[in-house]
Amino acid sequence: MKGWLIVAPFLNVNAMALFPFILLREEEMRGDVVLLNHERIHLRQQAELLVLPFYVLYLLNYLVNLARYSSHNKAYLMILFEQEAYQRELDVAYLSCRKWCNWLAFF
865 MKGWLIVAPF
875 LNVNAMALFP
885 FILLREEEMR
895 GDVVLLNHER
905 IHLRQQAELL
915 VLPFYVLYLL
925 NYLVNLARYS
935 SHNKAYLMIL
945 FEQEAYQREL
955 DVAYLSCRKW
965 CNWLAFF
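According to the working numbering, the sequence shown is numbered sequentially starting from 865.
So, in structure tokens, the structure goes:
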């Protein structure tokens with residue numbers, strides 16, 4: 865899944881995957897291979913969970929982490945989906961060999 869790239873200058877983050885789109889804060893980010901790979905990993909995760917359950921699990925995981933770590937940054941980085949995406953974002957071939965629901969390995 866490549867995702868449709870949309871430049872959204874109002875974003876407070878560099879990029880965001882909202883199935884089936886990847887929102888980018890700046891036009892120049894279209895060339896950022898690592899950033900796009902990270903967001904495409906999220907698109908795959910979203911597709912596996914039929915989109916809506918992904919967002920529910922993402923939010924629940926964040927809230928549990930926030931209660932556990934009392935830090936937004938730590939809570940965000942410890943989200944299972946983010947752990948997989950950050951760990952594999954440099955491997956541009958990852959999605960071609962990724963196992964189904966591999967984010968479960970980060971439990």
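No residue lacks a Cβ here, since even glycine has one placed at the ideal position from N, Cα and C.
Keep in mind that this is a model prediction, so the values were computed, not measured.
Closest Cα partner of residue i within the set the options
{"i": "L944", "options": "H906, Y958, V915", "result": "H906"}
{"i": "V871", "options": "C961, E948, E890, V920", "result": "E890"}
Alpha carbon of residue i to alpha carbon of residue j, nearest angstrom
{"i": "G867", "j": "V897", "result": "13 Å"}
{"i": "Y958", "j": "C965", "result": "13 Å"}
{"i": "P884", "j": "S935", "result": "30 Å"}
{"i": "F918", "j": "R894", "result": "25 Å"}
{"i": "Y933", "j": "N925", "result": "12 Å"}
{"i": "L927", "j": "V915", "result": "19 Å"}
Environment of residue i [buried if 16+ CB atoms lie within 10 Å]
{"i": "R908", "result": "buried"}
{"i": "N929", "result": "buried"}
{"i": "E946", "result": "buried"}
{"i": "A969", "result": "exposed"}
{"i": "E948", "result": "buried"}
{"i": "A931", "result": "exposed"}
Contact belief for residue i with residue j at Cβ below 8 Å, rounded distance in angstroms
{"i": "E903", "j": "A879", "result": "5 Å"}
{"i": "L887", "j": "L899", "result": "Going by Cβ atoms, the distance from L887 to L899 rounds to 11 Å, so no, they are not a contact pair."}
{"i": "Q910", "j": "A881", "result": "7 Å"}
Segment limits, alpha helix (DSSP H) that includes residue i
{"i": "V877", "result": "Counting along the chain, V877 falls outside any alpha helix (DSSP H), and DSSP gives it neither H nor E."}
Extent of the continuous beta strand (DSSP E) to which residue i belongs
{"i": "V871", "result": "868–871"}
{"i": "F983", "result": "Any answer about residue 983 is impossible in this case: the structure gives the chain only from 865 up to 971."}
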